[in-house]
Amino acid sequence: MTVPSHIIWLASFPKSGNTWFRIFLANLTKGDAEPADINNLDERGGIASGRHEFEAATMLDSGLLSHDDIDDLRPRVYATIAAEASEDRWIKVHDAYTTLQDGEPLLGRNVARAAIYLVRDPRDVAISLAHHNSMAVDGAIKFMNAADGAFCGGSKGLAPQLRQKLTGWSGHVTSWLDQTDVPVHLMRYEDLQAAPAEFFAGALKIAGRSAAPDDIERAVGHADFSELQRQESEKGFAERMSRTAMFFRSGRSGGWRESLTAAQIAAIEQCHGAVMARLGYRAASG
Numbered sequence: 020m021t022v023p024s025h026i027i028w029l030a031s032f033p034k035s036g037n038t039w040f041r042i043f044l045a046n047l048t049k050g051d052a053e054p055a056d057i058n059n060l061d062e063r064g065g066i067a068s069g070r071h072e073f074e075a076a077t078m079l080d081s082g083l084l085s086h087d088d089i090d091d092l093r094p095r096v097y098a099t100i101a102a103e104a105s106e107d108r109w110i111k112v113h114d115a116y117t118t119l120q121d122g123e124p125l126l127g128r129n130v131a132r133a134a135i136y137l138v139r140d141p142r143d144v145a146i147s148l149a150h151h152n153s154m155a156v157d158g159a160i161k162f163m164n165a166a167d168g169a170f171c172g173g174s175k176g177l178a179p180q181l182r183q184k185l186t187g188w189s190g191h192v193t194s195w196l197d198q199t200d201v202p203v204h205l206m207r208y209e210d211l212q213a214a215p216a217e218f219f220a221g222a223l224k225i226a227g228r229s230a231a232p233d234d235i236e237r238a239v240g241h242a243d244f245s246e247l248q249r250q251e252s253e254k255g256f257a258e259r260m261s262r263t264a265m266f267f268r269s270g271r272s273g274g275w276r277e278s279l280t281a282a283q284i285a286a287i288e289q290c291h292g293a294v295m296a297r298l299g300y301r302a303a304s305g
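Here the sequence shown stands for residues 20 to 305, where the numbers follow the numbering used here.
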């Protein structure tokens, strides 16, 4: 009899609510009257692109390997993590769900028992991504539209994380939703924002984690954006890349209507219209 894996992938294209979900989990695990420290998240998961665990599992210096050589070894890393895990690990993933040349999934086969996939309206993602990376919105849209787009995929210097192929916003979404290796639960950021306790509870159920309604409500309250903004204002946030823009800016949905130009909206919708419609995101002219 095979013992179910303790790994749950918490997957998303960047700036789609992954961090917010992890903060909810941290507060649920903490179980205190006081909110969890956003700079000390006890979600016991980590990120799939972390160099430390890659090097611990392979006993190799990742800085001496090419991106492709690292990718060939990554399935072994997750198999090791799964074999050694004695409790659930919700591992953050920004990689698209891709396979290697031999057909093996980058994230390994029979490694995770489930995946929670967070998706957000790409028009709002573009704004958030621009702020996060301190770049122009047009640059963020170009990055989201690029089928060969990747995080930490440069050839100069050592990036803080392993390369993460994103395959563009649409490619990322369909790679996760259409794969059949891991059961996947889709969660829209907008639904999570409208009814957080309900949708957090649904994700927990899919992952096989039980929690009392009162505990879920408490964790949701502690993960409220006003609380996250208060903490970031007082002590900063370690995951913030921009020196000027706040990581927890507003968290609201639909801001693209006031922030994007007609040309920018068209550039996103022309590239991603089919997948947007599949997920219930209506075109601006619809």
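Quick reminder that beta carbons are idealized off the backbone N, C-alpha and C, glycines included.
Bridge-paired residues (DSSP) for residue i
i	result
residue 206	137
residue 108	26
residue 31	137
residue 69	180
Local Cβ density within 10 Å of residue i, reported as buried at 16 or more and exposed below that
i	result
residue 71	exposed
residue 209	buried
residue 206	buried
residue 20	Residue confidence is low: residue 20 scores 32 on pLDDT, short of 50, so the model does not pin down where it sits. Its coordinate-derived value is still stated next. Exposed: under 16 other Cβ atoms inside 10 Å.
residue 199	exposed
residue 190	buried
residue 166	exposed
residue 82	exposed
residue 288	buried
residue 280	exposed
residue 35	buried
residue 59	exposed
residue 37	buried
residue 68	buried
residue 129	exposed
residue 175	exposed
Beta-carbon spacing of residue i, residue j below 9 Å
i	j	result
residue 195	residue 293	no
residue 227	residue 132	yes
residue 110	residue 66	yes
residue 250	residue 57	yes
residue 47	residue 234	yes
residue 248	residue 157	no
residue 137	residue 29	yes
| request: Entirely within the region 112-181 and at least 4 residues each: give me those alpha helix (DSSP H) ranges in chain order. | output: Runs of the alpha helix (DSSP H) inside the region 112-181: 141-151, 156-164.
| task | Would you check if the region 165-175 and the region 92-105 touch, i.e. whether three or more CB-CB distances between them fall below 8 Å? | result | At 8 Å Cβ cutoff, the stretches do not touch.
| task | Pick out the complete beta strand (DSSP E) segments inside the region 210-240, 3 residues or longer, and give them in chain order. | result | Secondary structure remark: continuous beta strand (DSSP E) runs of at least 3 residues inside the region 210-240: none found.
| Any contact of the region 182-198 with the region 102-117, i.e. 3+ C-beta pairs under 8 Å? | With the cut-off at 8 Å, the region 182-198 and the region 102-117 touch.
| field | the region 100-109 contacting the region 20-39, beta-carbon criterion three pairs below 8 Å | value | Touching, yes, given that three or more Cβ pairs across the two stretches are closer than 8 Å.
| query | Looking at C-beta atoms only, is the number of pairs between the region 42-56 and the region 143-156 that lie closer than 8 Å three or more? | reply | Output reads no: the region 143-156 does not touch the region 42-56.
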